[in-house]
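**Student:** According to my numbering, the sequence shown is numbered sequentially starting from 2. Glycine is no exception: its CB is placed at the ideal position from the N, C-alpha and C atoms. I have a structure here, written as structure tokens, and I will follow up with some questions on it.
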Amino acid sequence: MDITIIGAGAIGGVLGAYLVRDGNDVTFCDIDEDHVNAINQNGLRIEGPKETFTVEGRAYTPAELVQRNPILKTVFLCVKAQHTEIALRPFLPLINDKTQVVSFQNGLCENVIARLIGKEKTIGCFVNFSADYLEPGRILYGGTASLYLGELDGTISPRIRELEKTLQCWGPAEVTDNIWGYLWSKMSYAGLLYATALVDETMAAVVRKKDLRDTLMELCSEILEVANIEGVKPISFDDWVPALVYPRERDQEALDHQLEELAERMATNKKTKSGIWRDLAVRKRKTEIDSQLVPIIELGASHGVSMPLTTELVSMIKDLEVGAIQMDWKNLYSLKEMYECGENYVTKP
2 MDITIIGAGA IGGVLGAYLV RDGNDVTFCD IDEDHVNAIN QNGLRIEGPK
52 ETFTVEGRAY TPAELVQRNP ILKTVFLCVK AQHTEIALRP FLPLINDKTQ
102 VVSFQNGLCE NVIARLIGKE KTIGCFVNFS ADYLEPGRIL YGGTASLYLG
152 ELDGTISPRI RELEKTLQCW GPAEVTDNIW GYLWSKMSYA GLLYATALVD
202 ETMAAVVRKK DLRDTLMELC SEILEVANIE GVKPISFDDW VPALVYPRER
252 DQEALDHQLE ELAERMATNK KTKSGIWRDL AVRKRKTEID SQLVPIIELG
302 ASHGVSMPLT TELVSMIKDL EVGAIQMDWK NLYSLKEMYE CGENYVTKP
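See the structure below:
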């Protein structure tokens with residue numbers, strides 16, 4: 002398959018490396034010139050839990066690729082959610098009626114892509130494996146997890162079956178007729194991950210704090226409530242089970258058991274802290290929160306749904322981005338106090 006990967010960092014780098022190794026024609030594109038040069042000169046190195054390998058690569062900056070003027074066939078868009086439009090727009094002249102763009106991103110980015118190129122050229126994707134960009138030409142890979150491909154209208158098309166087959170070289174890619182169910186489920190999980198980044202600790206350590214669980218699950222419930230109003234049925238993945246979280250009449254024993262399973266998965270992953278934590282603590286850059294949770298708050302408001310914990314979480318993450326506060330357990334306990342106090346807290350059953 003002829004594949005162009007826009008955003009050759011963590012997710013794009015891992016997928017691209019496996020595809021190259023399997024004999025696919027892969028073009029890497031990234032705004033980081035040092036990364037592009039490293040791939041061209043020394044290849045792309047993937048350091049995973051089961052194997053470490055390097056593949057030879059062909060990489061370009063966006064300006065270089067646009068100058069070559071190829072017609073793009075299959076595009077894997079693997080950039081941060083907030084960069085969706087700015088990353089894709091320069092390539093619009095290279096897209097024709099047969100081009101397909103797959104969103105390997107976190108968020109509801111398929112909506113943005115569809116507005117730019119049309120729903121018929123847009124393919125949804127849920128991807129949950131962990132990876133980190135370490136340095137030019139070098140990616141840390143946490144190991145295979147879930148990856149689902151789906152048409153936005155829920156049909157099972159030949160093109161997503163072909164993509165499913167192509168991605169088997171990476172791992173257990175699957176096709177779904179409910180891609181929105183996976184994407185919204187991931188957004189509720191993202192609420193939990195953003196919360197874990199409020200403290201300089203592993204994700205597992207936060208999930209295992211039983212005195213914080215009610216607060217954390219209510220945070221996720223706010224997001225799932227909006228999904229419910231939107232008519233979306235969230236789907237479980239990798240030990241995250243939205244049906245145990247929302248509706249709010251929970252089976253606490255079952256939920257606690259499931260959260261312990263999730264914490265164990267987090268603890269044994271090669272990547273023990275979230276990419277959100279890495280953005281804040283290591284790369285010192287903004288997170289994806291403006292393109293992930295903020296739009297859900299706005300959508301919730303349009304339905305009359307109050308999302309106080311999510312709103313406060315967004316405020317705290319933004320404060321961390323600019324250094325106004327530091328990572329600390331007191332941030333999580335401040336959310337807990339807010340929830341237990343109930344001030345301005347309005348929810349639906």
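#1: Straight-line CA distance for Asp31 to Pro137?
#2: Measure the C-alpha to C-alpha separation of Ile114 and Gly108 and round it to an integer number of angstroms.
#3: Give the single residue among Ser237, Asn229 and Leu260 whose Cα lies nearest to the Cα of Val207.
#4: Decide if the stretch 160-167 is in contact with the stretch 251-260; the criterion is three or more beta carbon pairs, one per stretch, under 8 Å apart.
#5: Based on DSSP bridge pairs, tell me the residues matched to Ile230.
#6: When you compare only the Cα positions, how much space is there between Met339 and Glu231?
#7: Would you tell me roughly how many angstroms separate the C-alpha atoms of Val15 and Asn129, rounded to the nearest one?
#8: Using DSSP with H/G/I as helix, E/B as strand and the rest coil, what is Gly8?
#9: Select from Lys122, Ala60 and Glu226 the residue whose C-alpha is nearest the C-alpha of Gly13.
#10: Cutting at 6 Å between CB atoms, please list the residues of its own chain near Thr177, excluding the five before and the five after it.
#11: DSSP three-state label for Cys110, please.
#12: Compute the Euclidean distance between the alpha carbons of Gly8 and Ala174, then round it to the nearest angstrom.
#13: Please return the same chain residues whose Cβ sits closer than 8 Å to the Cβ of Gly44, not counting the five positions on each side in sequence.
#14: Between Lys337 and the rest of its own chain, which residues show a CB-CB distance below 7 Å, the 5 nearest in sequence each way excluded?
#15: CA-CA distance, Tyr247 and Glu223?
#16: Go through its chain and collect everything with a Cβ distance to Ser189's Cβ below 6 Å, but skip five positions before and after it.
#17: Go ahead and pull the three-state DSSP assignment for Thr62.
#18: Output the boundary residues of the beta strand (DSSP E) element that contains Leu73.
#19: Suppose you measure from the CA of Gly125 to the CA of Trp171; what does that come to, to the nearest Å?
#20: What three-state label does DSSP hand Ala198 in the structure shown?
#21: Taking 8 Å as the cut-off, decide whether the C-beta atoms of Ser355 and Ala82 are in contact.
#22: How many angstroms separate the CA atom of Lys51 from the CA atom of Gly144?
#23: Would you kindly work out how many angstroms separate the C-alpha atoms of Ile392 and Lys122, rounded to a whole number?
#24: Across which residues does DSSP place Ala126 in a beta bridge pair?
#25: Over what stretch of residues does the beta strand (DSSP E) that includes Thr28 continue unbroken?
#26: Can you tell me whether DSSP reads Pro350 as helix, strand or coil?
#27: Just to confirm, are Ile47 and Val27 a CB contact at a threshold of 8 Å?
#28: Going by the CB atoms, is the gap between Lys271 and Leu135 shorter than 8 Å?
**Tutor:** Judging by the given coordinates:
#1: The count along the sequence shown starts at 1 and reaches residue 31 at position 30. The count along the sequence shown starts at 1 and reaches residue 137 at position 136. If you take the alpha carbons of Asp31 and Pro137, they lie about 11 Å apart.
#2: Against the sequence shown, residue 114 aligns to sequence position 113. Against the sequence shown, residue 108 aligns to sequence position 107. Rounded to whole angstroms, Ile114 to Gly108 spans 12 Å at the Cα level.
#3: Start at 1 with the first residue of the sequence shown, and residue 207 comes out as number 206. The candidate whose alpha carbon is nearest that of Val207 is Leu260.
#4: no
#5: Position 229 of the sequence shown, counted from the start, is the residue given in the question as residue 230. The partner list for Ile230 (beta bridge, DSSP) is empty, contrary to what the question assumes.
#6: As a first step, residue 339 is located in the sequence shown; it is residue number 338 there, counting from the start. As a first step, residue 231 is located in the sequence shown; it is residue number 230 there, counting from the start. About 27 Å.
#7: Reading the sequence shown from its first residue, position 14 is the one you call residue 15. Reading the sequence shown from its first residue, position 128 is the one you call residue 129. Between the alpha carbons of Val15 and Asn129 lies a distance of about 12 Å.
#8: The residue you call residue 8 lines up with position 7 of the sequence shown. Three-state DSSP puts Gly8 in coil, outside helix and strand.
#9: Along the sequence shown, read from residue 1 onward, the residue named residue 13 stands at position 12. The residue with the shortest Cα to Cα distance from Gly13 is Ala60.
#10: Here residue 177 is taken as the residue at index 176 of the sequence shown, counted from 1. Contacts found: Tyr149 and Gly151.
#11: For the purposes of this step, residue 110 is taken as the residue at position 109 of the sequence shown. If DSSP states are grouped into helix, strand and coil, Cys110 belongs with coil.
#12: As a first step, residue 8 must be located in the sequence shown, where it is residue number 7. As a first step, residue 174 must be located in the sequence shown, where it is residue number 173. When rounded, the distance between both Cα atoms is 20 Å.
#13: As a position in the sequence shown, residue 44 is number 43, starting the count at 1. Taken in chain order, the residues that qualify are Thr55, Val56, Glu57, Gly58 and Gly138.
#14: Translated into positions along the sequence shown, residue 337 becomes position 336. The residues are Leu213 and Thr216.
#15: If you number the sequence shown from 1, residue 247 lands on position 246. If you number the sequence shown from 1, residue 223 lands on position 222. Taking the straight line from one Cα to the other gives about 9 Å.
#16: Within the sequence shown, numbered from 1, the residue matching residue 189 stands at position 188. Once the five neighbours on either side are set aside, the close Cβ partners of Ser189 are Cys221, Ile224, Leu225 and Pro243.
#17: Numbered from 1 along the sequence shown, position 61 holds the residue referred to as residue 62. Thr62 falls in the coil class under three-state DSSP.
#18: Residue 73 sits at position 72 when you count from the first residue of the sequence shown. Counting along the chain, the beta strand (DSSP E) containing Leu73 begins and ends at Leu73 to Leu78.
#19: What you label residue 125 is simply residue 124 of the sequence shown in a count that begins at 1. What you label residue 171 is simply residue 170 of the sequence shown in a count that begins at 1. Between Gly125 and Trp171, the C-alpha separation is close to 18 Å.
#20: Against the sequence shown, residue 198 aligns to sequence position 197. Correct three-state label for Ala198: coil.
#21: Since the first residue of the chain shown is 2 and the last is 350, residue 355 is not available in this structure.
#22: Taking the sequence shown and counting its residues from 1, one reaches residue 51 at position 50. Taking the sequence shown and counting its residues from 1, one reaches residue 144 at position 143. Rounded to whole angstroms, the separation of the alpha carbons of Gly144 and Lys51 is 8 Å.
#23: This structure cannot settle anything about residue 392, because the visible part of the chain is limited to 2 through 350.
#24: What you label residue 126 is simply residue 125 of the sequence shown in a count that begins at 1. In the sequence as displayed, the identity of residue 126 is Cys instead of Ala. The partner list for Cys126 (beta bridge, DSSP) reads Leu150.
#25: By one-based count along the sequence shown, residue 28 stands at place 27. For Thr28, the enclosing beta strand (DSSP E) begins and ends at Asp26 to Cys30.
#26: By one-based count along the sequence shown, residue 350 stands at place 349. Any reading at Pro350 is ruled out, since the residue's pLDDT is 33, under 50, leaving its predicted position unreliable.
#27: For the purposes of this step, residue 47 is identified with residue 46 of the sequence shown, where counting begins at 1. For the purposes of this step, residue 27 is identified with residue 26 of the sequence shown, where counting begins at 1. No. Outside cutoff.
#28: Here residue 135 refers to the residue found at position 134 when the sequence shown is read from its first residue. Here residue 271 refers to the residue found at position 270 when the sequence shown is read from its first residue. No; because the gap between Cβ atoms is not below 8 Å, this pair is not in contact.
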